[in-house]
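Asks:
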Amino acid sequence: MSAINGQSTNGSTAAPGTPRTGGEVVCDAMLAAGVDVIFGMPGGASLPFYDSLYHYQDRIRHVLIRHEQAAGFAANGYARATGKVGVATSTSGPGATNMVTCMANDIMDSVGVVYITGQVARPAIGSDAFQEADVTGISIPITKHSYLVMDVDDLPRVMSEAFHLASTGRPGPVHVDIPKDVFLETTTETAPDQVNLRGYRPSKVGNARMVRKAAEVINAAERPIIMAGHGIDISGAADELMQLATRGSIPVVSTLHGVGTFPETHPLSFGMLGMHGLAYANFSMRQTDCIIGLGTRFDDRAVGKEDEFGPGAKVVHIDIDPAEIGKVLETDVPIVGDLKLTLQKLLPLIESRDRTPWLDQMNGWRRDHPSLKIPDSPDSVLPQEVVRAIYDISGGEARVIADVGQNQMWASQHFWYERPRMFFSAGGLGPMGYALPAAMGVKLADEKQDVWCVTGDGGLLINIQEFNTLAAEGINVKVAVLNNAHLGMIRQWQEFFYEGRYMGAFLDNPDFAKVAQAFGLHGVGTSSRDEMHEAIAMAHEYDGPVVLDLHVDRVENVYPMIVPGTGVNSVIEDPR
Amino acid sequence: MNGTETHTLVATVADHPGVLTRVASLFRRRGFNIASLAVGHSEEPGYSRMTIAVEGSAEEVKQCEKQLYKLVEVVSVRNLTGAPAVTRELAMIKVRVTSNERPGLAEITDIFRGEIVDVSKTSMIVQMTGAQSKIDRFLDVITEYPIEEISRTGVIAIARDDVGPRNGRARG
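Chain order of the listed sequences is A and B. Taking this note's numbering, the leading residue of the first sequence gets 93, the next gets one more, and so forth. Taking this note's numbering, the leading residue of the second sequence gets 755, the next gets one more, and so forth.
Written out as structure tokens, the structure reads:
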């Protein structure tokens with residue numbers, strides 16, 4: 093038994109030898125993992141599990157969502173906000189297939205969610221029974237691991253493995269498919285004290301020789317840049333990142349998921365890079381002589397054209413997933429390990445260095461290419477102003493969940509996130525409809541935190557049924573709809589790259605304020621600037637969920653932009 | 755194609771239902787090209803050994819190894835390409851031959867150290883074991899005979915142990 097797998101995962105709260113049903117085994121495993129809220133919708137195959145949940149109501153809150161996709165996204169929000177594992181559950185067949193998008197989203201964004209799906213009873217498997225689908229077959233390429241549990245005696249071990257796999261190493265979704273009759277059968281088995289998976293040994297501290305080499309490369313660099321990714325947040329390494337940056341006077345840019353891992357108002361913060369990153373962050377990437385990639389997979393939206401990205405720069409890459417190292421960029425110093433533990437080894441080797449000329453150069457770009465200036469708009473409210481107003485009214489203390497598209501970019505740009513786990517968005521898969529359900533999960537993770545869902549009108553419509561969940565469960569999420577009556581990013585691309593041939597970009601929207609009211613929510617709609625500010629102030633004070641239908645400029649574009657297929661040399665800046 | 759060649763990967767995998775699907779799914783999804791894949795029991799109960807011949811550049815195959823290793827049920831992966839290893843494949847070839855042609859085919863089979871494992875009035879089945887290149891060469895040589903059917907197992911491989919220095923003393 094290695095120390096790596098040495099965490100105790102015994103899921104049982106029952107005395108050893110006490111018979112438990114399969115459903116009780118699952119509930120005990122959730123409790124052992126510290127999960128106190130789960131999201132789901134019952135169905136025929138999962139009814140026995142719901143009968144167990146009935147008896148655990150005092151310890152596990154079940155939130156009934158209105159579409160299984162919302163269960164997965166809410167569990168994702170809960171997991172990201174708590175650092176624990178999220179749980180989403182559905183019945184067999186259609187319930188489970190409705191969560192497929194969520195699994196694909198979790199694996200792209202390295203989020204630990206355990207999916208409990210009911211399956212038809214064992215004798216019916218393979219018979220094309222009612223609501224039968226081969227969901228473990230479907231989930232294989234989009235999960236970290238999956239199980240079809242055919243024997244209740246395996247279930248205690250499987251559940252503890254599932255939570256262990258979801259939360260350790262590079263986190264990810266784990267799917268446990270449980271036939272209806274397995275939920276009902278009893279077992280006296282308990283989970284082993286420690287998970288022991290021979291084929292799963294995530295790295296801890298990076299190789300000492302490579303850590304020394306990384307220090308040499310960083311110390312010798314004149315123009316280093318830290319690229320802070322999601323791994324900083326997952327590993328809890330924000331303090332170490334701060335020490336690395338300040339000790340070496342090394343500027344920090346972040347990926348979309350790295351936003352907030354380094355305080356964005358710090359003088360060494362140069363914001364987010366990438367396709368809609370800040371111009372000065374991207375300019376820095378073509379001049380740097382040393383890219384220090386921390387917990388990032390050098391995604392194409394962050395990097396653009398690889399040969400313009402730090403040409404000639406040394407690359408130091410620390411990540412827990414060996415498969416990410418060397419996948420996109422040729423790496424000079426590859427280090428596989430947990431970021432926090434590895435940075436703790438690296439920090440004492442980093443020389444305190446003055447890098448004023450480099451910082452002056454970067455600050456020069458920041459001055460000449462401000463990127464975040466909001467232009468005057470006498471006739472319409474700009475969506476950026478909405479994000480800025482939420483920032484101002486919340487004092488930067490709100491947790492913001494963005495949807496996908498233009499709203500996502502504005503929410504990442506025009507709010508200054510000072511801590512990890514303040515900004516949430518589905519970066520890798522990019523599923524529209526993420527924000528509203530994810531915001532429910534984020535809110536229930538910590539109800540003391542203000543939570544704002546910033547969504548476009550298109551994305552809102554994809555999971556708008558969750559207005560019902562907000563109302564029924566009283567989940568205090570503030571929803572700001574940046575309503576431009578378009579699929580805005582589609583409209584922008586058709587303007588830029590298809591000579592204005594708009595196809596499928598216009599949305600004939602309902603009155604979202606009235607829709608919200610019909611769902612029993614407090615809904616307000618406006619197109620005026622003053623009323624927008626008032627509405628955001630009202631929502632901030634209001635004790636309960638609010639929907640603000642904010643009619644913003646219909647044709648505002650996201651700037652800066654790097655044209656797809658080009659690199660950091662071709663940044664389009666706001667022409668105004 | 756930048757340095758594309760066939761690499762031989764040997765993986766030890768847990769003998770669970772679905773593990774073959776996981777491996778096959780991974781190769782398909784990442785666009786790795788499988789030339790052959792052979793699976794069977796290993797020396798350890800509960801674990802199987804897979805030999806996968808994969809085509810690609812060294813970098814692609816390295817990424818393939820890393821992705822394979824990420825599968826929870828994959829315990830180890832070794833790339834035996836260029837390493838000291840024994841690789842073998844078994845092929846059975848059914849050839850349409852008249853009685854007059856039989857001695858000729860038997861002679862070639864003998865030269866290649868193959869075996870005739872079945873004879874009918876109109877055909878013979880040749881069993882050929884060896885490195886893949888040997889089987890390929892045999893097939894090239896017998897092109898004058900009409901081949902009815904070929905069944906090949908795909909390559910399996912096992913690493914050779916270091917025999918140590920000649921004086922027989924173990925190295926530290």
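Where a beta carbon is used, it is the ideal one built from N, C-alpha and C, also for glycine.
Who pairs with methionine 209 of chain A in a beta bridge, going by DSSP?
Replies: Note that residue 209 of chain A is threonine in the sequence shown here, rather than methionine. Beta-bridge pairing links threonine 209 of chain A to A:Ser182 and A:Asp269.
Asks: Are the beta-carbon atoms of leucine 431 of chain A and glycine 323 of chain A separated by less than 7 Å?
Replies: Their beta carbons are under 7 Å apart, which means leucine 431 of chain A touches glycine 323 of chain A by this criterion.
Asks: Would glycine 548 of chain A and asparagine 499 of chain A qualify as a contact pair, given that the criterion is a beta-carbon distance under 7 Å?
Replies: Yes.
Asks: Distance, Cα to Cα, glycine 566 of chain A vs valine 543 of chain A?
Replies: Cα to Cα, glycine 566 of chain A sits roughly 13 Å from valine 543 of chain A.
Asks: Under 7 Å Cβ-Cβ, which residues of chain B neighbour tyrosine 292 of chain A?
Replies: The answer, in chain order, is Val826.
Asks: How would you write the range of the alpha helix (DSSP H) that glycine 550 of chain A sits in, first residue to last?
Replies: That run of the alpha helix (DSSP H) goes 549 to 554.
Asks: Measuring only the C-alpha atoms, how far is isoleucine 230 of chain A from serine 779 of chain B?
Replies: Those two C-alpha atoms are separated by around 10 Å.
Asks: Is there a Cβ of chain E sitting closer than 7 Å to that of valine 829 of chain B, yes or no?
Replies: Note that chain E does not occur in the displayed structure, where the protein chains are A and B.
Asks: Roughly how many angstroms lie between the CA atoms of serine 486 of chain A and leucine 642 of chain A, to the nearest whole one?
Replies: Whole-angstrom Cα-Cα distance: 18 Å.
Asks: I'd like to know if the region 805 to 815 of chain B and the region 862 to 875 of chain B are in contact, where contact means that at least 3 CB-CB pairs between them fall below 8 Å.
Replies: In short, these stretches do not touch, since the Cβ pair count stays below three.
Asks: Taking the continuous beta strand (DSSP E) assigned at aspartate 641 of chain A, which residues delimit it?
Replies: Segment 638 to 643, the beta strand (DSSP E) holding aspartate 641 of chain A.
Asks: As a quick exercise: from A:Thr347, A:Ala610, A:Asp666 and A:Ala337, pick the residue whose alpha carbon is nearest that of phenylalanine 588 of chain A.
Replies: Considering only alpha carbons, the answer is A:Asp666.
Asks: Determine whether the beta carbon atoms of phenylalanine 559 of chain A and alanine 608 of chain A lie at a separation below 7 Å.
Replies: Against a cut-off of 7 Å, the Cβ pair of alanine 608 of chain A and phenylalanine 559 of chain A comes out as a contact.
Asks: Can you give me the Cβ contacts of valine 420 of chain A inside the same chain, cut-off strictly under 6 Å, excluding the 5 residues immediately before and after it?
Replies: For valine 420 of chain A, where only same-chain residues beyond five positions count, the Cβ hits under 6 Å are Phe390.
Asks: Is the beta carbon of asparagine 197 of chain A sitting closer than 7 Å to the one on proline 523 of chain A?
Replies: Yes, they are a contact pair.
Asks: What does DSSP give as the partner residues of glutamate 759 of chain B in its beta bridges?
Replies: B:Gly810.
Asks: With burial defined as no fewer than 16 other Cβ atoms inside 10 Å of the residue's Cβ, what is the status of glutamate 477 of chain A: buried or exposed?
Replies: Buried.
Asks: Sorry if obvious, but does the Cβ on proline 271 of chain A come closer than 6 Å to a heavy atom of the ligand ADP?
Replies: The model depicted lacks the ligand ADP and carries no ligand whatsoever.
Asks: Within 7 Å (strictly less), CB to CB, does alanine 283 of chain A reach chain B?
Replies: No, no contact with chain B.
Asks: Any residues in the region 776 to 787 of chain B with a beta carbon nearer than 9 Å to a beta carbon of chain A? Which ones, in chain order?
Replies: The residues in question are Arg776, Ser779, Leu780, Arg782 and Arg783.
Asks: State the DSSP-derived secondary structure class of glutamine 476 of chain A, mapped to helix, strand or coil.
Replies: Three-state result, glutamine 476 of chain A: helix.
Asks: Could you check if serine 463 of chain A is buried or exposed, using at least 16 other CB atoms within 10 Å of its CB as the buried criterion?
Replies: The residue in question, serine 463 of chain A, is buried, as its Cβ has 16 or more Cβ neighbours within 10 Å.
Asks: Going by other Cβ atoms of all chains shown within 10 Å of its Cβ, with 16 needed for buried, is serine 444 of chain A buried or exposed?
Replies: So serine 444 of chain A counts as exposed.
Asks: So what does arginine 850 of chain B bridge to, in DSSP terms?
Replies: In DSSP, arginine 850 of chain B forms a bridge with B:Ser877.
Asks: Rounded to whole angstroms, what is the Cα-Cα separation between alanine 860 of chain B and valine 880 of chain B?
Replies: Those two C-alpha atoms are separated by around 9 Å.
Asks: Could you tell me which residues DSSP puts in a beta bridge with histidine 632 of chain A?
Replies: Paired residue(s): none; histidine 632 of chain A is not in a bridge.
Asks: Going by other Cβ atoms of all chains shown within 10 Å of its Cβ, with 16 needed for buried, is isoleucine 234 of chain A buried or exposed?
Replies: Buried: at least 16 other Cβ atoms inside 10 Å.
Asks: Looking at chain B, is there any beta carbon in it that lies within less than 7 Å of the beta carbon of leucine 421 of chain A?
Replies: No, leucine 421 of chain A does not count as interfacial toward chain B.
Asks: Looking at the structure shown, is leucine 774 of chain B part of a helix, part of a strand, or coil, going by DSSP?
Replies: Here leucine 774 of chain B sits in helix by DSSP.
Asks: At which residues does the alpha helix (DSSP H) containing isoleucine 310 of chain A begin and terminate?
Replies: Its alpha helix (DSSP H) spans residues 300 to 312.
Asks: Of the residues A:Asp413, A:Arg378, A:Lys406 and A:Ser144, which one's Cα is nearest the Cα of glycine 396 of chain A?
Replies: Residue A:Arg378 is the option with its Cα nearest to glycine 396 of chain A.
Asks: Using 7 Å as the limit for Cβ to Cβ distance, is lysine 820 of chain B near chain A?
Replies: Yes, because at least one Cβ of chain A sits closer than 7 Å to the Cβ of lysine 820 of chain B.
Asks: Pop quiz: aspartate 424 of chain A and lysine 406 of chain A are said to be a contact at Cβ under 8 Å. What is the actual Cβ separation, rounded to whole angstroms?
Replies: The Cβ separation is near 5 Å, so the contact holds.
Asks: Excluding five sequence neighbours on each side, which residues of the same chain lie with their C-beta closer than 6 Å to the C-beta of phenylalanine 141 of chain A?
Replies: Hits under 6 Å: Gly115 and Phe275.
Asks: Buried or exposed: where does phenylalanine 222 of chain A fall if 16 or more other Cβ atoms within 10 Å of its Cβ makes it buried?
Replies: So phenylalanine 222 of chain A ends up on the exposed side.
Asks: Write down the C-beta distance between alanine 572 of chain A and valine 546 of chain A rounded to the nearest angstrom, noting that I regard them as a contact closer than 8 Å.
Replies: Contact flag correct, Cβ pair sits at about 5 Å.
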